[in-house]
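Protein chains in written order, with the working numbering: chain A, 446 to 522; chain B, 446 to 522; chain C, 49 to 200; chain D, 49 to 200.
C-beta atoms are modelled at their ideal positions from N, C-alpha and C, and glycine is treated no differently.
Report on the following structure.
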Amino acid sequence: MNQVLFFAELREKTGVYKVDVELTGFSVNQVKEWVAKDYSMPKVQDAMVAINEEFALNETIIENGDVIAFIPPVSGG
Amino acid sequence: MNQVLFFAELREKTGVYKVDVELTGFSVNQVKEWVAKDYSMPKVQDAMVAINEEFALNETIIENGDVIAFIPPVSGG
Amino acid sequence: MKKHYWISEKPLNIQGVVDLVIRPEAGAINTFIGTVREFTEGKQTLFLEYQAYASMAEKKMKEIGEEIEQKWPGSKIAMAHRVGRLDISEIAVVIAVSTPHRASSYEASRYAIERMKEMVPIWKKEHWEDGEEWIGDQKETKRGVPLEGEVT
Amino acid sequence: MKKHYWISEKPLNIQGVVDLVIRPEAGAINTFIGTVREFTEGKQTLFLEYQAYASMAEKKMKEIGEEIEQKWPGSKIAMAHRVGRLDISEIAVVIAVSTPHRASSYEASRYAIERMKEMVPIWKKEHWEDGEEWIGDQKETKRGVPLEGEVT
Chain A
446 MNQVLFFAEL REKTGVYKVD VELTGFSVNQ VKEWVAKDYS MPKVQDAMVA
496 INEEFALNET IIENGDVIAF IPPVSGG
Chain B
446 MNQVLFFAEL REKTGVYKVD VELTGFSVNQ VKEWVAKDYS MPKVQDAMVA
496 INEEFALNET IIENGDVIAF IPPVSGG
Chain C
49 MKKHYWISEK PLNIQGVVDL VIRPEAGAIN TFIGTVREFT EGKQTLFLEY
99 QAYASMAEKK MKEIGEEIEQ KWPGSKIAMA HRVGRLDISE IAVVIAVSTP
149 HRASSYEASR YAIERMKEMV PIWKKEHWED GEEWIGDQKE TKRGVPLEGE
199 VT
Chain D
49 MKKHYWISEK PLNIQGVVDL VIRPEAGAIN TFIGTVREFT EGKQTLFLEY
99 QAYASMAEKK MKEIGEEIEQ KWPGSKIAMA HRVGRLDISE IAVVIAVSTP
149 HRASSYEASR YAIERMKEMV PIWKKEHWED GEEWIGDQKE TKRGVPLEGE
199 VT
């Protein structure tokens, strides 16, 4: 099982903070496509993805227990 | 009448913080020579001189009431 | 040991951040404080809302601190970022870096805020009279060419 | 109006200096804090003694502030310097500059401390285990080549 986290604009547009979902074996890119489609959120393509709090490549394969976070362009400071 | 102020090493070596003395009409350079001689302080030659809190040239002529300060190389901050 | 990198829901205390880096080996401390600016390119901000992926943000700030302690030996750093609603002039971020000599305190502090803006998962939402919007780096510049190539 | 440039016989309060420059037009505040360093070129300092020509020092700091507000439009500055005996890690100087954007806050703050060290009549006396000496700019460097061409 996996957790997917949304932040900022993505959180607001999806209305979702956290989803528990089975994504083990999928690539980051596949997860992006799923979110883009299921939540009608084409903007996820601009977001970075972090797995367990580290930035991940599109090709990275999700493992069981991984926490996946969508990181829209940051604007702290 | 004039006031002459000493700071830092010059104050410590002369043992004097402030002197009331008549220097009207003398140049800054002449005042330096007087201090160097009277107080055995050759180091005054390295000091800047301020008249009424503004840096002055060696050629500047002291006017009545001017406050003359010897400013050794500064080291604040 | 006290945390040197943290996300806070409460107002930030400058002295508290500086205290974390004061030490006998240091002669210089540079501090960067980001405050909520009222006008950006002529448009009035009413207030800001900051959100963070707190656990990852603290981890990334710690990484930045480690980069800095490597690049500027003898430096020590602390960074705190506020989240939630912030009114005009409130403090969003405080960075403090102490170093033996002053030149590197400036360099390291500047590096810290640039890296923070690049890689730490924190977002701000601008609230204006006529709307609101989550700001991303690419969006901050869309109102015109910012001064000196950057916007705080 | 509160003084923005002053010599103090009491410990300096960082927040107090920063408060003088916080304002709605600013998004960035850079602060430089000079503290008493224990070791310089391997030699241990026990404590420092600062002396100032206070009235002239405040006037010169004000001039530096005016130079800065001219060079970096939209900036606001406050500077305070302590005098008397200072122990290790105590704060000798606090400079705070607020600007609309961050790049100029760094530049203006750096300019302020460099100018202060050049032209403000303040002197420090080092007290070591084996002696004491009033330090002038030319003397600070006599123990060797300082890092990055400068010593705080």
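DSSP, reduced to helix, strand and coil, places Y53 (chain D) within a strand of the structure shown.
Close to chain C, meaning a Cβ-Cβ distance shorter than 8 angstroms, are the following residues of the stretch 132-153 of chain D: I136, S137, S146, P148, H149, R150, A151, S152, S153. Non-local C-beta neighbours of N474 (chain B) in its own chain, meaning closer than 8 angstroms and more than five positions away in sequence, comprise N503, E504, ordered along the chain.
By the Cβ neighbour-count rule, L134 (chain D) is buried, with 16 or more other Cβ atoms within 10 Å of its own. A Cβ of chain B is located within less than 8 angstroms of the beta carbon of H129 (chain D).
Neighbours of Q99 (chain C) across chain A, judged by C-beta separation under 8 angstroms: F452, A453, R456. From the listed residues C:G184, C:P72, C:V142, the smallest Cα separation to S123 (chain C) is found for C:P72. With the rule of 3 Cβ pairs closer than 8 angstroms, the stretch 97-109 of chain C does not count as touching the stretch 108-115 of chain D. The C-beta of P487 (chain A) comes no closer than 8 angstroms to any C-beta of chain C. Put simply, the CB of G510 (chain A) is far from chain C, with every gap to its CB atoms at 8 angstroms or more.
Cβ-Cβ distances below 8 angstroms link H175 (chain D) to T93, L94, F95, L96, E97 in the same chain, with the five nearest sequence neighbours on each side left out; the list follows chain order. Apart from the 5 residues on each side of it in sequence, I506 (chain B) sits with its Cβ closer than 6 angstroms to the Cβ of S472 in its chain, given in chain order. Y462 (chain A) counts as exposed, since fewer than 16 other C-beta atoms from the protein chains shown sit within 10 angstroms of its C-beta. Around the C-beta of T469 (chain B), fewer than 16 other C-beta atoms lie within 10 Å, and the residue is accordingly described as exposed. Within the stretch 55-74 of chain C, contact with chain A at the beta-carbon level (separation under 9 angstroms) is assigned to no residue. Setting aside the 5 residues that flank it on each side, N509 (chain B) is surrounded in the same chain by T469, each with a C-beta closer than 6 angstroms to its C-beta; the list follows chain order. S520 (chain A) is classed as buried because its beta carbon has at least 16 other beta carbons within 10 Å across all chains shown. Annotation for D178 (chain C): no beta strand (DSSP E) segment contains it, and DSSP assigns it neither H nor E. Excluding its 5 nearest sequence neighbours in each direction, A126 (chain C) has C-beta neighbours in its own chain below 6 angstroms: H52, V65, L68, V69, A144, listed in chain order. Just measuring C-alpha positions, the residue of B:P487, B:G522, B:G460, B:E454 sitting nearest I516 (chain B) is B:E454. E155 (chain D) counts as buried, since at least 16 other C-beta atoms from the protein chains shown sit within 10 angstroms of its C-beta. DSSP places Y159 (chain C) in the uninterrupted alpha helix (DSSP H) bounded by 150-167.
Nearest to A151 (chain C) by alpha-carbon distance, out of D:K50, D:A74, D:E177, D:I81, is D:I81. Per DSSP, L455 (chain B) is one residue of the alpha helix (DSSP H) stretching across 453-459. By the rule that beta-carbons nearer than 8 angstroms mark a contact, I516 (chain A) touches chain C. Residue contact check for K107 (chain D) against chain B: a CB pair falls below 8 angstroms. The beta carbons of S153 (chain C) and V84 (chain C) sit no closer together than 8 angstroms. The C-beta of S520 (chain B) comes closer than 8 angstroms to at least one C-beta of chain D.
In the same chain as D511 (chain A), and ignoring 5 residues on each side of it, the C-beta atoms closer than 7 angstroms to its own belong to N447, I496, N497, in chain order.
The C-alpha of P148 (chain C) is placed about 29 angstroms away from the C-alpha of S56 (chain C). Between V489 (chain A) and A514 (chain A), the CB-CB gap reaches or exceeds 8 angstroms. Looking at C:A74, C:S146, C:Q63, the one whose alpha-carbon comes closest to that of F87 (chain D) is C:A74.
Taking the beta carbon of W176 (chain C) as reference, no residue of chain A falls within 8 angstroms; the closest one sits roughly 15 angstroms away. Boundaries of the alpha helix (DSSP H) around K477 (chain B): 473-483.
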